[in-house]
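Written below as structure tokens is the structure these notes are about.
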Amino acid sequence: KMSEEMKQEREIPPYNGWGSEEDSKANCLKLIAQAPKRDFIKFMKKDRQGLESHVLRYLARMDTNRPIDIDRTFIISFFLSDGTISVFEPEKRNSGIVHGKFIERSRLNKKDGGYYEAEDLFVGAVVNFRSHQFIITDADEYAKTYAENHKDD
Numbered sequence: 074k075m076s077e078e079m080k081q082e083r084e085i086p087p088y089n090g091w092g093s094e095e096d097s098k099a100n101c102l103k104l105i106a107q108a109p110k111r112d113f114i115k116f117m118k119k120d121r122q123g124l125e126s127h128v129l130r131y132l133a134r135m136d137t138n139r140p141i142d143i144d145r146t147f148i149i150s151f152f153l154s155d156g157t158i159s160v161f162e163p164e165k166r167n168s169g170i171v172h173g174k175f176i177e178r179s180r181l182n183k184k185d186g187g188y189y190e191a192e193d194l195f196v197g198a199v200v201n202f203r204s205h206q207f208i209i210t211d212a213d214e215y216a217k218t219y220a221e222n223h224k225d226d
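With the first letter of the sequence shown counted as 1, position 7 gets the number 80 in this note's numbering; the numbers rise by one all the way through.
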């Protein structure tokens, strides 16, 4: 048996950007990696049901002083079923910037710890996703009605 002085507490290395953060933590804690647990009940309640998609979509612009990035617009999608966020850049003709997926769908960390939730995203909010700062300028009708109906949550 090892004495209490000889035991070292495991230190989890910082996230390196590959895969999801939950997968990386799971790989550090167990010898045989296991997929992180998902909230199945929340998934079943908030997953797509017919035409009801349970996705909050926001229009945002990049908060920067760089002249080339000032006019860039993005669509931020928050998926209520699992709390993931994706950022998409629509095509802007003759801009010279590649459009499409800007940040792949994943759970994103806040600067102060924890993950972004639905209540963190609203018109006028300043959010920081992977060292890119965005200002949310508009929301679709579903996101607005969802915020009105769930302001007490």
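Ideal Cβ placement from N, Cα and C applies to all residues, glycine included.
Exercise. Quick one: using the 10 Å Cβ neighbour count with 16 as the cut-off for buried, is SER204 buried or exposed?
Key: Taking the first residue of the sequence shown as 1, we reach residue 204 at position 131. SER204 comes out exposed.
Quiz item: If we count the other Cβ atoms within 10 Å of its Cβ and call it buried at 16 or more, is SER97 buried or exposed?
Solution: Walking along the sequence shown from the start, residue 97 turns up at place 24. The Cβ neighbour count for SER97, taken over all protein chains shown within 10 Å, is at least 16; the residue is labelled buried.
Quiz item: Along the chain, where does the alpha helix (DSSP H) that runs through THR218 open and close?
Solution: Numbered from 1 along the sequence shown, position 145 holds the residue referred to as residue 218. Bounds of the alpha helix (DSSP H) holding THR218 are 214-222.
Quiz item: At which residues does the alpha helix (DSSP H) containing GLU94 begin and terminate?
Solution: Here residue 94 corresponds to residue number 21 of the sequence shown, with the count starting at 1. Looking at the DSSP string, the run of the alpha helix (DSSP H) that includes GLU94 is 94-102.
Exercise. On a CA-only basis, which of THR137, TYR131, ASP185, ILE85 is nearest THR218? Give me that one, please.
Key: As a first step, residue 218 must be located in the sequence shown, where it is residue number 145. The shortest C-alpha separation from THR218 is found at TYR131.
Quiz item: How about PHE175 and VAL160: are their beta carbons less than 9 Å apart?
Solution: For the purposes of this step, residue 175 is identified with residue 102 of the sequence shown, where counting begins at 1. For the purposes of this step, residue 160 is identified with residue 87 of the sequence shown, where counting begins at 1. Contact flag set, yes.
Quiz item: Would you call ILE209 buried or exposed, if buried means 16 or more other Cβ atoms sit within 10 Å of its Cβ?
Solution: Here residue 209 refers to the residue found at position 136 of the sequence shown. By the neighbour-count rule (16 or more Cβ atoms within 10 Å), ILE209 is buried.
Self-check item: Exposed unless 16 or more other CB atoms sit within 10 angstroms - verdict on LEU181
Solution: For this step, residue 181 is matched to residue 108 along the sequence shown. Its Cβ being crowded by 16 or more others within 10 Å, LEU181 is buried.
Self-check item: CA nearest to the CA of ALA216, picked from GLY173, SER150, GLY156, THR137
Solution: Here residue 216 refers to the residue found at position 143 of the sequence shown. ALA216 has its Cα closest to that of SER150, out of GLY173, SER150, GLY156, THR137.
Quiz item: Buried or exposed: which applies to ALA106, given that a residue is buried once 16 or more other Cβ atoms fall within 10 Å of its Cβ?
Solution: By 1-based counting over the sequence shown, the position of residue 106 is 33. With fewer than 16 other Cβ atoms within 10 Å, it is exposed.
Exercise. Would you mind stating whether PHE152 and ARG134 have Cβ atoms separated by less than 9 Å?
Key: As a first step, residue 152 must be located in the sequence shown, where it is residue number 79. As a first step, residue 134 must be located in the sequence shown, where it is residue number 61. In this structure, ARG134 does not lie closer than 9 Å to PHE152 by Cβ.
Practice problem: Locate the beta strand (DSSP E) running through THR157, then write down its first and last residues. | Solution: Position 84 of the sequence shown holds residue 157. THR157 -> beta strand (DSSP E) spans 157-162.
Quiz prompt | Bounding residues of the beta strand (DSSP E) (the contiguous stretch that carries VAL196) | solution = Translated into the one-based positions of the sequence shown, residue 196 becomes position 123. Taken as a continuous stretch (DSSP letters only), VAL196 belongs to no beta strand (DSSP E), as it is neither H nor E.
Quiz item: Would ARG166 be called buried (16 or more neighbouring beta carbons within 10 Å of its own) or exposed?
Solution: In the sequence shown, residue 166 corresponds to position 93, counting from 1. Counting Cβ neighbours within 10 Å, ARG166 comes out exposed, since fewer than 16 surround it.
Quiz item: With DSSP run on the structure shown, which of helix, strand or coil describes GLU177?
Solution: As a position in the sequence shown, residue 177 is number 104, starting the count at 1. Here DSSP, grouped into helix, strand and coil, assigns GLU177 to strand.
Quiz item: Using DSSP with H/G/I as helix, E/B as strand and the rest coil, what is ALA191?
Solution: To locate residue 191, count along the sequence shown from 1; it is residue 118. Secondary structure of ALA191 (DSSP, three-state): helix.
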